[in-house]
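Have a look at the structure below before the remarks.
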């Protein structure tokens, strides 16, 4: 496995595509079988595995078709806050609106 912090976005996409391929092979599925399970075209699965070029939706559907959706729970996890931190943030982030300077009204 490669450390994503050191990779470009293209390299990360390529690595994810390669991982999908390895996981598909471990599940003993053909590209066509994965495409059918994911509700995708064969060419979309081929493109995903070859280059990592896909939509987020197709990536998620492929992961679900491989029965690995639970692994997505660790993706983009928000940090856990203490109760005091959460209360402080709630007070500090009350909805604010931009205020335009008021123009004097013209007398009619």
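Residue numbers (my numbering): 29 to 136. By construction, the Cβ of each residue, glycine as well, lies at the ideal position given by its N, Cα and C atoms. Nothing here was measured: the structure is a model prediction, and the numbers come from that model.
Proximity below 7 Å, CB of residue 55 to CB of residue 94: The residue given as residue 55 occupies position 27 in the chain shown. The residue given as residue 94 occupies position 66 in the chain shown. Cβ distance < 7 Å, so residue 55 and residue 94 count as in contact.
Alpha carbon of residue 46 to alpha carbon of residue 125, nearest angstrom: Indexing the chain shown from 1 puts residue 46 at position 18. Indexing the chain shown from 1 puts residue 125 at position 97. Those two C-alpha atoms are separated by around 46 Å.
Span of the alpha helix (DSSP H), counted from its first residue to its last, around residue 72: Here residue 72 corresponds to residue number 44 of the chain shown, with the count starting at 1. Unbroken alpha helix (DSSP H) run through residue 72: 70-79.
Under 7 Å between C-beta atoms of residue 78 and residue 70: Locating residue 78 in the chain shown gives position 50, where the first residue counts as 1. Locating residue 70 in the chain shown gives position 42, where the first residue counts as 1. Cβ distance not < 7 Å, so residue 78 and residue 70 don't count as in contact.
Where residue 73 falls, given that 16 or more other Cβ within 10 Å makes a residue buried: What you label residue 73 is simply residue 45 of the chain shown in a count that begins at 1. Buried is the call here.
Selection from 58, 81 and 98 that minimises the alpha carbon distance to residue 38: Locating residue 38 in the chain shown gives position 10, where the first residue counts as 1. Looking at the Cα atoms, 81 is the closest of the given residues.
For residue 45, the first and last residue of its enclosing alpha helix (DSSP H): Counting from 1 along the chain shown, the entry for residue 45 is found at position 17. First-last of the alpha helix (DSSP H) with residue 45: 37-54.
Extent of the continuous alpha helix (DSSP H) run through residue 85: The sequence position of residue 85 within the chain shown is 57, counting from 1. 84-93 is the span of the alpha helix (DSSP H), which, as asked, contains residue 85.
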